[in-house]
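In full-length UniProt numbering, the protein residues as written are 1 to 161.
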């Protein structure tokens with residue numbers, strides 16, 4: 001796994017994972033459809049409709065890419081957190097405290113293995129509503145193992161109480 005990177009927006013937080021390249025593939029396919037199919041069709045209707053399709057598509061694709069780039073799975077002394085969002089009313093983080101972590105798991109499969117893009121779940125030992133579940137995390141198998149190792153270290157040292 002790559003060397004740990006300090007996050008700029010959280011003191012003492014260490015980045016565990018981000019969205020993999022495979023998460024961007026769906027946005028790439030959507031861009032191909034919008035710019036390769038919808039835009040030429042809009043040109044047949046008129047220049048103004050083509051301009052509207054182009055601007056709308058560019059804004060939508062740009063938003064989707066920025067939203068994927070905003071996803072950060074990280075940990076600090078208190079727990080494991082998932083941060084995402086680019087619009088002020090949609091930015092936020094949620095997580096699981098070390099004392100409440102059940103276990104971290106990843107979902108194996110051929111496509112996950114071949115793309116190194118796994119769905120990761122960090123379970124909450126008391127409630128399903130408070131767990132972290134995120135798809136297409138780069139090297140998610142390593143991320144889940146790392147979280148479980150850190151959790152065990154926290155339990156042994158008595159810091160996860």
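Even for Gly, the Cβ is constructed at its ideal location relative to N, Cα and C.
Measure the C-alpha to C-alpha separation of residue i and residue j and round it to an integer number of angstroms.
i, j, result
"residue 77", "residue 71", "20 Å"
"residue 21", "residue 132", "20 Å"
"residue 34", "residue 57", "6 Å"
"residue 120", "residue 46", "46 Å"
"residue 14", "residue 52", "42 Å"
"residue 136", "residue 97", "23 Å"
"residue 64", "residue 139", "21 Å"
"residue 84", "residue 109", "26 Å"
"residue 203", "residue 92", "Since the first residue of the chain shown is 1 and the last is 161, residue 203 is not available in this structure."
"residue 25", "residue 130", "29 Å"
"residue 27", "residue 122", "26 Å"
"residue 6", "residue 17", "Interpretation of residue 6 is limited by its pLDDT of 41, a score under 50 that renders its predicted location unreliable; no figure is taken from the coordinates."
"residue 95", "residue 38", "40 Å"
"residue 86", "residue 31", "20 Å"
"residue 66", "residue 159", "36 Å"
"residue 69", "residue 36", "24 Å"
Based on Cα-Cα distance, which residue from the options lies nearest to residue i?
i, options, result
"residue 116", "102, 106, 92", "106"
"residue 127", "100, 150, 153", "100"
"residue 103", "155, 88, 44", "155"
"residue 146", "79, 86, 114, 112", "79"
Please report the Cβ distance between residue i and residue j, rounded to the nearest whole angstrom; I am assuming they are in contact, meaning their Cβ atoms lie under 8 Å.
i, j, result
"residue 150", "residue 75", "6 Å"
"residue 134", "residue 59", "Not really, about 25 Å apart at Cβ, beyond 8 Å."
Going by DSSP, what residues sit across from residue i in a beta bridge?
i, result
"residue 124", "101"
"residue 133", "121"
"residue 138", "117"
**Asked** Going along the chain, which unbroken runs of the beta strand (DSSP E) with 3 or more residues stay wholly within the stretch 10-94?
**Response** 14-18, 72-75, 79-84
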